[in-house]
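Here the structure comes first, spelled out in structure tokens, and everything after it is commentary.
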Amino acid sequence: MKANGTQQHQVTQTGGFVNFPDFSPDGTKLLLSGRVPSTAPPDVFVVNLDGTGLTRLTDFPGIDRFAAWSPDGSTIAFNSTPSGVEQVWLMDADGGNPRQLTSDPAAKGQTPDWSPDGTKIAFQSFATGGGDIDVINADGTGLTQITDDPAEELGPVWSPDGSDIAFLVSTPLTS
């Protein structure tokens, strides 16, 4: 749809479900996570904005999801579970050259997000149990936990100039 809510239209007709769309930096494609067909484990797909060319980019055993384009469009970060623990992975934009970025015992969560200059990735990690925000260099070095409190933080996104990270905080409801 347009940013004002007009011209809404369906892009995919997959026979399953897809979620967490992400525009390619050039605005011509969408990354999607989902089950296509509905009986398959979730994978990462790319599709043209007109709905043509739906292509599966991942086919690991288990779950592949939460995909995000690098700012230059050459690399995709996503979460995957081939080791049994959800970790952050990278792959080339065509789905080739998959490589594991994080490899600690803590599960990773919602939506890795690239810094505007493409050098860092922020993501949710369950290293301390509740879900905190971590940042890692795109080459896999420099893993740093940047939040640490009892609440669950998720969905980190970088500001356009890379100086800030916004995220959601999920706190338990009290009676």
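In my numbering, each residue carries its 1-based index in the sequence shown increased by 1016. Note that beta-carbon positions come from the ideal geometry of N, C-alpha and C, so glycine has one too.
From the DSSP secondary-structure annotation, give me the bridge partner or partners of Met1107.
Ile1092
For Gln1023 and Met1017, I'd like the C-alpha separation in whole angstroms.
5 Å
Just list the residues that DSSP pairs Ser1175 with in beta bridges.
Beta-bridge pairing links Ser1175 to no other residue.
Restricting to runs no shorter than 3 residues, where is the beta strand (DSSP E) found entirely within the stretch 1116-1166?
1136-1141 and 1148-1153
Limits of the beta strand (DSSP E) - the one that Val1052 falls within:
It is not in any beta strand (DSSP E) - Val1052 carries neither H nor E in the DSSP assignment.
At which residues does the beta strand (DSSP E) containing Ser1186 begin and terminate?
Ile1181 to Ser1186
Just confirm the distance between the C-beta atoms of Ala1123 and Gly1146, as a whole number of angstroms; I'd bet it's less than 8 Å.
That pair is no contact at about 12 Å.
In chain order, what residues of the same chain have a beta carbon less than 7 Å from the beta carbon of Thr1187, not counting five sequence neighbours either side?
Ala1167
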